[in-house]
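Colleague: Chains as they are written, first to last, in the numbering used here: chain A, 320 to 430; chain B, 1218 to 1330. Using N, Cα and C, we set each Cβ at its ideal position, and we do this for glycine too.
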């Protein structure tokens, strides 16, 4: 079983739409959770960390359910510039632990 | 945030040749750097963890004699793909840890003919 599972999509939505991505992780020892954004042929960039209580950053809201080992990302009022692949990432143990990446969910926002 | 650079950004080589990829932390020192590989539409897979001044730690299934890693200074790690074959064609990305966050290089696209 993969460490991190994501629906690869693609998700194709119009500008202004709300879109949600889901992710599950297999190892209950995972301690830290992140969403990264990766543009085509570019490196991943940290979008936001995910906290147990849920957190919001502008149009982006992340949620974590430790009992279900489930992470979500909600994007409101989608922009064309949101088009990218969104990677769900978990880290086991301490801040020195390795990162495990999902294969990513592809999002295309059309005008 | 911290900046990590990689060189070259892309390389095309013939089968059987060796290719060296450099990863540099530009504005911080990194005792630990990571090398990942990403095939099209796949997730980043950790190949090895590079430790300054000591041997790299390779993930299961990664041949240490084929993917040579050298981390000779606190700002530079190199990955050498020896005797490259077409199946080694991939996107190689390094990252360095700084203040509990990992920063990624822009990646190197390797094509082996």
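Please report the distance separating the alpha-carbon of residue 1305 of chain B from that of residue 325 of chain A.
Modeller: For residue 1305 of chain B and residue 325 of chain A, the distance between alpha carbons rounds to 25 angstroms.
Colleague: Ignore the nearest five residues each way along the sequence and tell me which others in residue 439 of chain A's own chain have a CB closer than 6 angstroms to its CB.
Modeller: No answer is possible for residue 439 of chain A: the residues shown for chain A start at 320 and end at 430.
Colleague: Mapping the DSSP letters down to three states, classify residue 1303 of chain B as helix, strand or coil.
Modeller: Reduced to three states, the DSSP call for residue 1303 of chain B is helix.
Colleague: To the nearest whole angstrom, what separates the beta carbons of residue 1268 of chain B and residue 1295 of chain B, a pair I think is in contact under 8 angstroms?
Modeller: At roughly 13 angstroms, the Cβ-Cβ gap does not stay under 8 angstroms, so residue 1268 of chain B and residue 1295 of chain B are not in contact.
Colleague: Around the Cβ of residue 386 of chain A, are there at least 16 other Cβ atoms within 10 angstroms (buried) or fewer (exposed)?
Modeller: Under this definition residue 386 of chain A is an exposed residue.
Colleague: Is the beta carbon of residue 1246 of chain B sitting closer than 9 angstroms to the one on residue 1311 of chain B?
Modeller: For residue 1246 of chain B and residue 1311 of chain B, no; Cβs fall outside 9 angstroms.
Colleague: What does residue 1318 of chain B reach in chain A if we use C-beta pairs closer than 8 angstroms?
Modeller: The answer, in chain order, is 365.
Colleague: Compare the C-beta of residue 422 of chain A against all C-beta atoms of chain B and say whether one is closer than 9 angstroms.
Modeller: Closer than 9 angstroms: yes.
Colleague: Would you verify that the beta carbon of residue 338 of chain A is, or is not, closer than 9 angstroms to some beta carbon of chain B?
Modeller: No, its Cβ sits nowhere closer than 9 angstroms to a Cβ of chain B.
Colleague: Buried or exposed: where does residue 1256 of chain B fall if 16 or more other Cβ atoms within 10 Å of its Cβ makes it buried?
Modeller: Answer is exposed; the Cβ neighbour count stays below 16.
Colleague: So, helix, strand or coil for residue 401 of chain A, using DSSP?
Modeller: In this structure, residue 401 of chain A counts as helix in the three-state DSSP scheme.
Colleague: Does residue 1245 of chain B come out as helix, strand or coil in the three-state DSSP assignment?
Modeller: It is coil, neither helix nor strand.
Colleague: Find the residues of chain B that neighbour residue 418 of chain A, judging by a C-beta separation of less than 7 angstroms, and give them in chain order.
Modeller: Chain B residues near residue 418 of chain A: 1319.
Colleague: Candidates B/1252, B/1271, B/1270: which alpha carbon is nearest residue 1262 of chain B's?
Modeller: Nearest of B/1252, B/1271, B/1270 to residue 1262 of chain B, Cα basis: B/1252.
Colleague: Taking its Cβ as the centre, do 16 or more other Cβ atoms sit within 10 Å of residue 1229 of chain B, making it buried, or is it exposed?
Modeller: Counting Cβ neighbours within 10 Å, residue 1229 of chain B comes out exposed, since fewer than 16 surround it.
Colleague: Answer with buried or exposed for residue 1324 of chain B, where buried requires no fewer than 16 other C-beta atoms within 10 angstroms of its C-beta.
Modeller: The residue in question, residue 1324 of chain B, is buried, as its Cβ has 16 or more Cβ neighbours within 10 Å.
Colleague: What residues match up with residue 1295 of chain B in a beta bridge as DSSP calls it?
Modeller: Partner(s): B/1239, B/1287.
Colleague: At a Cβ threshold of 9 angstroms, is residue 1323 of chain B touching chain A?
Modeller: Yes, residue 1323 of chain B lies at the interface with chain A (some Cβ there is under 9 angstroms from its Cβ).
Colleague: Residue 333 of chain A CB to nearest chain C CB: under 9 angstroms?
Modeller: Chain labels in this structure do not include chain C; the protein chains are A and B.
Colleague: Enumerate in chain order the residues of its own chain whose CB-to-CB distance from residue 346 of chain A is below 7 angstroms, with the five nearest sequence positions on each side excluded.
Modeller: Excluding residues within five positions, the ones whose Cβ falls inside 7 angstroms are 322, 411.
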